[in-house]
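Below is one structure; the comments refer to it alone.
Chains as they are written, first to last, in the numbering used here: chain G, 1 to 115; chain Z, 1001 to 1111.
Have a look at this one:
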């Protein structure tokens, strides 16, 4: 399978713990995006990278959230001191952007439950 | 404030009929708009893209229209099938190619 992959698919944690998610984009895609989705809502943009540079962060991304894409390939999203409100599906998407329109390909998501 | 509105109520139609889903937006000037399909527990899947200077786009049984005066996009599925049952999301593209999604409309096609 050469699509976007995410790991783990499900994560249950206790309030106050730190969690880290991984996203592997489609090979050679230069852009990588993170979104968060809660039940019954559309995905909400969190942040994106072009190669290894983090170009934009949403105000939703509090200081407890950090994302990296150290070599311009896979990315990690870490949430420190998790809160119950962090429970959501975390989606990763990648694209091969060369100017103009940008079609994003999504992974299956990581479902986080904070108890 | 900026809003993207999709009908939050599920749309129930009979197999073989045309499904029409609506996406309305306010206080945006999108360069283009995209429609995605999402099945339960899965990530969204890209379906169609339409630019601001295009009125209509087609792909097999799918058709999208984009009216920048009305600030509305319509998404049609002709000859609908039970396999078309899913949630359909519209997304506007603003600066930086960041997608802003509507809440989605759930479509149920009954045999």
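Beta carbons are placed, not taken as given, at the ideal position from N, Cα and C, and that holds for glycine.
Please read all numbers here as calculations on a predicted model, not as lab measurements.
Check whether residue i and residue j have beta carbons under 7 Å apart
i	j	result
residue 101 of chain G	residue 1032 of chain Z	yes
residue 1034 of chain Z	residue 1104 of chain Z	no
residue 104 of chain G	residue 95 of chain G	yes
residue 1109 of chain Z	residue 1085 of chain Z	yes
residue 110 of chain G	residue 8 of chain G	yes
residue 1028 of chain Z	residue 1092 of chain Z	yes
residue 1077 of chain Z	residue 1066 of chain Z	no
residue 37 of chain G	residue 115 of chain G	no
residue 1089 of chain Z	residue 1101 of chain Z	yes
residue 49 of chain G	residue 64 of chain G	no
residue 1082 of chain Z	residue 1040 of chain Z	no
residue 1098 of chain Z	residue 45 of chain G	yes
Residue i at chain Z interface by Cβ criterion, 7 Å
i	result
residue 25 of chain G	no
residue 3 of chain G	no
residue 8 of chain G	no
residue 16 of chain G	no
Closer than 6 Å: residue i CB and nearest the ligand MN heavy atom
i	result
residue 1014 of chain Z	Ligands displayed in this structure: none; no statement on the ligand MN is therefore possible.
DSSP bridge partner residues for residue i (one or two, in chain order)
i	result
residue 1088 of chain Z	Z/1037 and Z/1105
residue 7 of chain G	G/22
residue 1006 of chain Z	Z/1023
residue 89 of chain G	G/37 and G/111
residue 51 of chain G	DSSP lists no partner for residue 51 of chain G.
residue 1067 of chain Z	Z/1072
residue 1051 of chain Z	Z/1032
residue 1059 of chain Z	Z/1062
residue 13 of chain G	G/114
residue 57 of chain G	G/47
residue 1100 of chain Z	Z/1092
residue 1014 of chain Z	Z/1110
residue 95 of chain G	G/31
Whole-Å CB distance - residue i paired with residue j, under 8 Å assumed
i	j	result
residue 32 of chain G	residue 75 of chain G	5 Å
residue 88 of chain G	residue 112 of chain G	6 Å
residue 1068 of chain Z	residue 1052 of chain Z	6 Å
residue 1080 of chain Z	residue 1018 of chain Z	7 Å
residue 1043 of chain Z	residue 108 of chain G	5 Å
residue 62 of chain G	residue 47 of chain G	The pair is not a contact, with the Cβ atoms about 12 Å apart (cut-off 8 Å).
residue 67 of chain G	residue 77 of chain G	5 Å
residue 1011 of chain Z	residue 1107 of chain Z	5 Å
residue 97 of chain G	residue 51 of chain G	Going by Cβ atoms, the distance from residue 97 of chain G to residue 51 of chain G rounds to 10 Å, so no, they are not a contact pair.
residue 1022 of chain Z	residue 1072 of chain Z	7 Å
Interface flag, residue i vs chain G, CB-CB below 7 Å
i	result
residue 1101 of chain Z	yes
residue 1082 of chain Z	no
residue 1046 of chain Z	yes
residue 1108 of chain Z	no
residue 951 of chain Z	Examination of residue 951 of chain Z is not possible in this model, given that chain Z is present from 1001 through 1111 alone.
residue 1016 of chain Z	no
Closer than 7 Å between beta carbons: that is the criterion. Which residues of the stretch 1031–1042 of chain Z meet it against chain G? For the stretch 1031–1042 of chain Z, which is checked against every Cβ of chain G, the residues closer than 7 Å are 1032 and 1042.
Using a Cβ-Cβ cutoff of 9 Å, what residues of the stretch 26–56 of chain G are near chain Z? List them in chain order. Answer in chain order: 31, 33, 35, 37, 40, 41, 42, 43, 44, 45, 48, 55 and 56.
Beta carbons nearer than 9 Å to chain Z: which residues of the stretch 66–93 of chain G have them? Legend: CB atoms of the stretch 66–93 of chain G lying less than 9 Å from CB atoms of chain Z belong to residues 89, 91, 92 and 93.
Under 8 Å, CB to CB, which of the residues in the stretch 94–106 of chain G have a partner in chain Z? Legend: CB atoms of the stretch 94–106 of chain G lying less than 8 Å from CB atoms of chain Z belong to residues 95, 97, 101, 102, 103, 104, 105 and 106.
The stretch 1060–1092 of chain Z: which residues have C-beta closer than 7 Å to a C-beta of chain G, in chain order? Cβ contacts with chain G: 1089.
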